[in-house]
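Respectively, the protein sequence lines represent chains A and B.
Counting in our numbering, the first sequence runs from 23 upward without gaps.
Counting in our numbering, the second sequence runs from 1439 upward without gaps.
Glycine included, every Cβ here is placed at the ideal spot set by N, Cα and C.
Just so you know, these numbers come straight off a predicted model, no measurement behind them.
Below is one structure, written out as structure tokens; comments come after it.
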Amino acid sequence: MNAAGSGCFHCGEPIPSGVLTTVTLDGQSKPVCCIGCRAAAEMIRDAGLGDYYRFRTAAAPRPQLDADDVWSTYDRPEVQAPLVGHEGGLQVVNLLIEGLRCSACSWLIGERLDRLAGIARANVNPATARAQVAFDASRTSLAAVLRSIAALGYRPHVLGATDTLEVATRERRLALKRLAVAGFGMMQVMMIATALYVGAVDGIDPVIREYMRIICLVVTTPVLFYSGRPFFAGAAASLRARHIGMDVPVSIGIGLAFVASAWNTFLHRGEVYFDSVTMFIFLLLLGRYVEMLARHRAGSTAEALLRLVPATAMRIADGRRERVPVAQLAAGDRIWVLVGECFPADGLAHSATEADEALLTGESLPVAKPVGARVIAGALNRGAPVEIELTAVGQSTVLAGIVRLLERAQTERPRIARLADRAAAWFVSRVLLGAAVVAAVWLYIDPSRAFEATLAVLVVTCPCALSLATPTAITAATAALARAGLLVTRPDALESLAQADTVLFDKTGTLTLGHPQLERVTTRGVPREMALAIAAALERGSEHPLSQAFDGIVAAPAEDPSIHPGQGVEGRVHGRRYRIGTPAFVASLAGAPPADLVESAIHLGGDDGWLASFELGDTLRPQAAELVRELQSLGITPLIASGDHAAAVGATAAQVGITQWHARLLPADKLALIGSLRERGARVLAVGDGINDAPTLRAASVSLALGTGSALAQASADLVALRGDLTTLPTAVRLARRTATVIRQNLVWSATYNVIALPVAALGLVPPWLAAVGMSISSLLVVLNALRLARGTAPPRQPGRPPLLATPLAAT
Amino acid sequence: MSILFVMIPLGLVLVGFALWAFFWAVGDGQFDDLESPGWSVVADDKPAPTVEEPQ
């Protein structure tokens, strides 16, 4: 059984026609798509790690064959020093591993590292894609560690000795401890409170009753002061900022209920509300804990973006090239960037090349960089080795600026939270006012009942249900969506998603897979196989994404190929000169182009004329048409807004059944389109995969990014599809609508409850114990209603992916 | 009912012990990764021959 289905055994990508590369595993021959995958699969097999293929739940990343060993520079002391920590004679390094997709991946990396000599410890965490490796520098080296991970097809990034993940881990551990104290305390108090409630009805020995109350007080005290601390701290902070936040009513509620209970315990009279206090703290902490987990996961992607910048660069000084840490570079320096390397800083190109800025611009094709063009840090050099004169380094680069913008956007408070805060502030001030009025009136009528009535008012109207109504529903829905592979990065995203009535697709990479494939081959007087073989031979040396279309075709041997960035490749096959690329580039060798030429295709020509044209197309995502139909059935109008040429966009739209589409749009046009849609009252959901959609994504009412797209889009979008497919979108819309319904139900319920309970309590008709029960049941109802959302969605099964547990069972 | 004066404190001591154990487990990183250890149990039962270590 194999997670990859019918594609490449290792990476799961479709195997190009004509490829016969295989790898033998357990006596069976398995097809792979390229030499890189074969090497990785053989390495895994030979290391005795073949079990990986049985237990993985996602296909492996496709290995990149590094021509130049970029890892050896990590062994130089000045590069290594800031990155490596020390722990009792061992070197400790934290790595972010790109391409780590499932638990089997982390097992594979862990096993591979454990078998290297000199590795003391290798902890790989699949949830965060981090690894911490402790090694003995006298027996192995950092470069060896990185090289062995890279050989498996993953791409390690060195994070340094400490990173923000440790802060997050500490925060999570503390929250877990607080949750445990509240949970244990709640269970103990509830157990004893049950006895007290039964005793209140059936009669109870007063000594036992007082004893049990004291026990409750003893247990509740640590819950209040340890677990409840975040609420008091939050309330104090919001009061200092002269603003009544959600934490204020919560703190007043639990604080007053506790003080009153403790008071009554000491005076041996009245009622105690310890059960309500502990339960309230536990339930609120639980909600905050789940929300924190989601937040940490979302935050780690933004941080990963900065790791795009390599750690070292080749500086040209006095005509010599030397590898130096990027931190030592300054504006005005000249550096040499190889093909396949990332630019470490912003600069000007001294010779022509092509840059893949997909991670920054979302543009999937490389951009031509003529002499003097500006290149940006984090972009990948795909054309030719190039000399760069640096213009900005470190924090002044475009990349750093984008990251700062995103971070600022992330810290902004969502609209719904501000509204909820205002509502709570209004509500709590009215409750306090009401309680004061009740106290004054009862003091006038019957002072002996004043305290009980006031307390009943405060307890029964404690904004527990109100403050739980929205966050619990959102948290439950967020958790359910996370299980289905969709991450909510902003709390108000669900509300906007529920209201969305228009969805705007950015064609590249959202409805299609983004891998070019040969669609049609037109030959002119040569056999098809020969034309393909020559084309594959020329494209073999090219890093251009379009050359992927020729991957795996049996190629003829090519001699001295030369890459002309932005134009094509020239080379010799069987002694004859050929060119492949744009019409103009081929025409200068093959003569005037034939009349029936398709301009957008790739052409092959030789000394003696034009040989063939290759029309490339992008494959639709498997369930794209189904997705569009489902969205339409939910009353959502789909639209395509793409930067591609009209023919390609029109064809895609027709295939998936979308009637409204716009082609050749610049980012500014997309913004204008969204603006006009919103003016007409539409609520737009934008689906994108790159940073040139980041403004588009932000302009829309709600945005969704695909996880396999750029990390930047992930950081700026409201929702992130982690599995890189959109099949969860209709589920998400349905869940968001149900969440909106549940929130409304909860708010209506808690408002109704308070409106009915308040006057009854004010009249002194509610004994405080009944008020506490009422409040607890009211909160519980709200929570249980919200938790229905968490149960609602079963994780959709991946096509070609067996259920999690069936994999090892079926294989053994 | 006077047995309650023994049993409830005893119960609280047990809860205290459970909390101490939980705090230790959290501090030890037992809850940092709840996914991959489950897999390692399944995967490790067949020791595979290795290249680095001669058999």
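Going by Cα to Cα distance, which pick from the options is closest to residue i?
i        : options                               : result
Y775(A)  : I799(A), A754(A), R760(A) and R759(A) : I799(A)
V106(A)  : Q154(A), I131(A), A139(A) and L540(A) : Q154(A)
S160(A)  : R152(A), E376(A) and Q113(A)          : Q113(A)
P178(A)  : D224(A), D227(A), A190(A) and I119(A) : I119(A)
L699(A)  : G672(A), Q654(A) and T718(A)          : T718(A)
G205(A)  : Q682(A), I662(A), S298(A) and I575(A) : S298(A)
V1444(B) : L196(A), T191(A) and Y233(A)          : Y233(A)
A808(A)  : N768(A), R169(A), L787(A) and S772(A) : N768(A)
V525(A)  : E652(A), A495(A) and A63(A)           : E652(A)
V742(A)  : V510(A), P469(A) and R702(A)          : V510(A)
I496(A)  : R759(A), V281(A), V709(A) and L748(A) : R759(A)
A458(A)  : I467(A), T476(A) and Y466(A)          : T476(A)
L412(A)  : L455(A), V359(A) and R810(A)          : V359(A)
G110(A)  : A142(A), L130(A) and S94(A)           : A142(A)
A461(A)  : V479(A), W448(A) and R452(A)          : V479(A)
I1(A)    : A255(A), A414(A) and L164(A)          : With chain A represented from 23 up to 834, any question about residue 1(A) goes unanswered, as that position is not in the structure.
T334(A)  : G400(A), S470(A) and A406(A)          : G400(A)
R550(A)  : G72(A), P407(A), A634(A) and G221(A)  : A634(A)
A647(A)  : L519(A), L748(A) and T300(A)          : L748(A)
E517(A)  : G679(A), E581(A) and R705(A)          : R705(A)
G277(A)  : A215(A), V294(A) and K391(A)          : V294(A)
A1459(B) : V203(A), Q350(A) and A762(A)          : V203(A)
R343(A)  : R356(A), L619(A) and A617(A)          : R356(A)
S470(A)  : R291(A), E701(A) and E581(A)          : R291(A)
A668(A)  : P538(A), F365(A), V678(A) and R686(A) : R686(A)
R98(A)   : G786(A), R345(A) and V482(A)          : R345(A)
R76(A)   : F31(A), A103(A), V415(A) and A395(A)  : F31(A)
R396(A)  : A377(A), D582(A) and P407(A)          : A377(A)
V709(A)  : G590(A), A144(A), G221(A) and V650(A) : V650(A)
Return the bridge partner residues of residue i from the DSSP annotation.
i       : result
C364(A) : L402(A)
T7(A)   : Chain A is shown from 23 up to 834; residue 7(A) falls before or after that span and cannot be answered.
K391(A) : T375(A)
D640(A) : P538(A)
V346(A) : A335(A)
V459(A) : DSSP lists no partner for V459(A).
R199(A) : Per the sequence presented here, residue 199(A) reads as Lys, with Arg not at that position. Its beta-bridge partners do not exist; DSSP assigns none.
R599(A) : R594(A)
T659(A) : T524(A)
I410(A) : I357(A) and A371(A)
T545(A) : A634(A)
I901(A) : Because chain A spans 23 through 834 in this model, residue 901(A) falls outside it and cannot be assessed.
H625(A) : G603(A) and S635(A)
Q767(A) : For Q767(A), which the question treats as bridged, DSSP gives no partner whatsoever.
W285(A) : W285(A) pairs with nothing; no bridge assigned.
Can you give the beta carbon distance from residue i to residue j, rounded, assuming they're within the 8 Å contact cut?
i       : j       : result
I66(A)  : T492(A) : About 48 Å separates the two Cβ atoms, so there is no contact after all.
I398(A) : A371(A) : So it is not a contact: roughly 11 Å between Cβ atoms.
V241(A) : F253(A) : About 18 Å separates the two Cβ atoms, so there is no contact after all.
I230(A) : T287(A) : Not confirmed; about 14 Å, so no contact.
L239(A) : F296(A) : 7 Å
I602(A) : H586(A) : Between H586(A) and I602(A) the Cβ distance is about 10 Å, and since that is not below 8 Å, they are no contact.
A557(A) : F636(A) : 7 Å
A499(A) : S723(A) : Contact flag wrong, Cβ pair sits at about 18 Å.
V805(A) : W771(A) : Contact flag wrong, Cβ pair sits at about 11 Å.
L707(A) : L728(A) : At roughly 13 Å, the Cβ-Cβ gap does not stay under 8 Å, so L707(A) and L728(A) are not in contact.
G593(A) : A580(A) : 5 Å
L130(A) : L201(A) : Their Cβ separation, rounded to whole angstroms, is 33 Å, which puts L130(A) and L201(A) out of contact at 8 Å.
A675(A) : L503(A) : With a Cβ gap of about 28 Å, A675(A) and L503(A) do not count as contacting.
For the ligand SAM, is there a heavy atom less than 7 Å away from the beta-carbon of residue i?
i       : result
I131(A) : This structure does not include the ligand SAM; it has no bound ligands of any sort.
Can you give, in chain order, each stretch of the alpha helix (DSSP H) that sits fully within the stretch 105–166 of chain A and has at least 4 residues?
Counting only runs of 4 or more residues that sit fully inside the stretch 105–166 of chain A, the alpha helix (DSSP H) segments are 125–136, in chain order.
May I ask you to verify whether the stretch 618–630 of chain A touches the stretch 639–659 of chain A, counting CB pairs closer than 8 Å and requiring at least 3?
When Cβ pairs closer than 8 Å are counted between the two stretches, the stretch 618–630 of chain A is seen not to touch the stretch 639–659 of chain A, the count staying below three.
State whether the stretch 196–209 of chain A contacts the stretch 1444–1460 of chain B, with contact taken as three or more CB pairs (one from each stretch) at a distance under 8 Å.
Touching, yes.
Three CB pairs or more closer than 8 Å across the stretch 541–549 of chain A and the stretch 769–787 of chain A:
The stretch 541–549 of chain A vs the stretch 769–787 of chain A: no contact.
Per the contact definition of three or more C-beta pairs closer than 8 Å, is the stretch 555–562 of chain A in contact with the stretch 690–697 of chain A?
With a cut-off of 8 Å, the stretch 555–562 of chain A and the stretch 690–697 of chain A do not count as touching, because too few Cβ pairs lie within range.
Quick test of the definition: if touching needs 3 or more C-beta pairs under 8 Å, does the stretch 168–178 of chain A touch the stretch 212–229 of chain A?
The stretch 168–178 of chain A, when compared against the stretch 212–229 of chain A, does not touch it at the 8 Å Cβ threshold.
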